[in-house]
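In my numbering, the protein residues as written are 1 to 556.
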Amino acid sequence: MKTDIEIAQEAVMEPIVKVAQKLGIKEDELELYGKYKAKISDEYMNSIKGNPDGKLVLVTAINPTPAGEGKTTTSVGLGEAFGKLGKKAVIALREPSLGPCFGIKGGAAGGGYAQVVPMEDLNLHFTGDFHAITSANNLCAALLDNHIQQGNELGIDTRQVVWKRCLDMNDRVLRNIVVGLGNKMDGTVREDHFVITVATEIMAVLCLAEDMDDLKERLSRMVVAYTFDGKPVTAGDIHAVGSMAALLKDALKPNLIQTLEHTPALVHGGPFANIAHGCNSVRATKTALKMADYVITEAGFGADLGAEKFFDIKCRMSGLKPDAVVLVATVRALKYNGGVPKAELGSENLEALEKGIVNLEKHIENLQKYDVPVVVTLNSFISDTAAEIAFVKKFCEDRGCEFAISQVWEKGGEGGIELAQKVLETLEKKESHFHVLYEDTLSLKEKIAAVSKEIYGADGVVYSPAAEKQLKKLTELGFGGLPVCMAKTQYSLSDNPDLLGRPEGFEINVREAYVSAGAGFVVVLTGAVMTMPGLPKTPAAFSIDVDEGGRITGLF
């Protein structure tokens, strides 16, 4: 069986100029990064603003398990299947982070015959967007420390510096550090921290900004520290905005690549969904809607994280309204939720399937709360039995959902035609009446409770003394009207990764809260989720290499 990278490297790509021509984009409306990658120019994006919007389809999933779900694979394969059916479709995805690529999860280009290419470029340096974000973030940190060193005119309390440095890599030893050691000219000694680039506020700002003016306005609002009398200090206050914007100028433009079947894909931005808002850029999604009749986008991890944030943060801020949702599950993952060990998932087990399908049930219920039509798709494995598939199909249809099998990993677009036809039928028959889960007028605690109870199924919320104090202060500072971005484990509906299925009788534990004023939300840290991940004992980096001809191996 060929690996994902072997399939990708054997693919014959079309020049990106030719892919763009299918959408009516001329060569001089692209900014080329070699033969197979390009950025969409501002001139082109401005020229299509008057076009009608296509239909927007969100792809999400049940909670991830070691058995695999294939959300990005399904997104890519669905886009390829629309192409097979003669539909004008564009896929809008996030860019991968180097952290998972060299850690445990691997890349994020899809899989099998439903991939976006060039796969190695996408998973590594791509067009440099993440480097630009990292540089802009660390420039802000350098300017902040320099302000303190050069007299501290604003009266910044060095014990209340909240801006963290970043790196797009899993590196646990950088979570808590001390800077400024040495002599007086080396800066003020203080505790500092690193987060992974995809968890930074600049990543969120870039993904939510409508244009350069909006980007600069958001950058100026970012809170970097507090003064001795508790007043917020912003990036605008330390004169960091113009130089950061200069670094982000090109990163703000969406990237165009292709699938293995030459379907256009806009891949732009990449916040994690467990510790950030988990969606590709508003700019890419809105541009795609003006370019095509159908846009397939995805949101990170399970629907309790990515889909909730897509709805309650991205759509709330941008005015986007999804027309349908595809919810991805696998028989194997549902049996895992029912208590079957990974090694035994290949055997038929209807009892475990019935026990574990409650995870899918909860996600269906959650999505239906937003009044958007739901299509459930089973990402097919050869070990799935007819009885297991029939059980899931009836379960979904009994709950008002359409159902389709997806075989895109094995067959590419051809394997997604059943799903694509079901999505098209749903778009024609059922109208979306999308709305957000909670209103802006609720207090921060009421918003946290709404997500915790309605989406996670918690009985209530428990706050640490620090979180209580932080939420009170944020409200007093005028940030109480912002939506909340919950940082939570992806593996469970609860904040305990070991509670599989549909947990009951639990509470969500909030340990910390802080404002991302530029992004426009309050981040709420729950359980033990980390904003700087660590590497596993045997990281994926051990298997990655490059041969004498420059061919990369082991990347998946």
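In this text, a Cβ means the ideal position worked out from N, Cα and C, and glycines have one as well.
These numbers come from a predicted model, not from an experiment.
If only complete runs of 3 or more residues are kept, the stretch 371 to 442 shows the beta strand (DSSP E) at 374 to 379 and 402 to 406, in order along the chain. If you compare the alpha carbons of A517, G534, E402 and D545 with that of M222, the shortest gap goes to A517. Distance from the Cα of I405 is smallest, within the candidate group D4, A81 and K37, for A81. E348 is positioned such that its CB atom lies closer than 8 Å to that of T385. Annotation: the continuous alpha helix (DSSP H) that includes L122 extends over M119 to N123. Bounds of any alpha helix (DSSP H) do not take in P254, whose DSSP letter is neither H nor E. Per DSSP, the beta-bridge partners of L327 are T60 and V376. L248 carries a helical assignment under DSSP once its states are collapsed to helix, strand and coil.
L334 sits in a helix when the DSSP states are folded into three classes. For F130, the enclosing alpha helix (DSSP H) begins and ends at D129 to Q149. In the structure shown, G111 falls within a strand segment according to DSSP collapsed to helix, strand and coil.
Around the beta carbon of E308, 16 or more other beta carbons lie within 10 angstroms, which makes this residue buried. In terms of CA proximity to G412, T259 leads the group G460, I448, T259 and N170. For the stretch 255 to 319, the full-length alpha helix (DSSP H) segments reaching 4 residues or more read 282 to 291 along the chain.
A check of alpha carbon separations from N152 across F130, L93, G180 and T188 identifies T188 as the nearest.
Per DSSP, I7 is one residue of the alpha helix (DSSP H) stretching across D4 to E10. If you draw a straight line from the Cα of K422 to the Cα of N496, it comes to about 35 Å. For Y514, the pairing in a beta bridge is given by DSSP as V523. Boundaries of the beta strand (DSSP E) harbouring K39: A38 to I40, taken from the DSSP string.
Three or more beta-carbon pairs drawn from the stretch 308 to 327 and the stretch 58 to 66 are found closer than 8 Å, and the two stretches are therefore classed as touching. As DSSP reads the structure, R221 sits in no beta bridge. DSSP places G99 in the uninterrupted alpha helix (DSSP H) bounded by L98 to F102. In chain order, V282 place their CB closer than 6 Å to the CB of S318, counting only its own chain and leaving out the 5 sequence neighbours on each side. A direct Cα-Cα distance of roughly 5 Å separates F434 from D371. Of all alpha-carbon atoms in G83, M532 and W163, the one lying nearest the alpha-carbon of L174 is that of M532. Distance from the CA of L139 to the CA of K2, rounded to the nearest whole angstrom, comes to 43 Å. Sequence-distant partners of K286 (beyond 5 residues in either direction) whose C-beta falls short of 6 Å from its own C-beta are missing from its chain. The beta carbon of K355 sits closer than 8 Å to those of N337, G338, G339 and G501, all from its chain and outside the five residues before and after it, given in chain order. Note: V233 is bridge-paired with A225 in the DSSP secondary-structure output.
Two segments are said to touch when three or more pairs of C-beta atoms, one from each, lie closer than 8 Å; by this definition the stretch 188 to 206 touches the stretch 143 to 163.
The C-beta separation of K39 from I16 comes to about 10 Å, leaving the pair out of contact by the 8 Å criterion. Per the C-alpha coordinates, the member of M486, L477 and H363 positioned closest to P232 is L477. Secondary structure of K55 (DSSP, three-state): strand. Take A284, set aside five residues on each side of it, and the residues of its chain with a beta-carbon closer than 6 Å to its own are A92, P254, L266 and H268, in chain order. Per DSSP, V19 is one residue of the alpha helix (DSSP H) stretching across I16 to Q21.
With three or more CB-CB distances shorter than 8 Å, the stretch 520 to 536 counts as touching the stretch 87 to 106.
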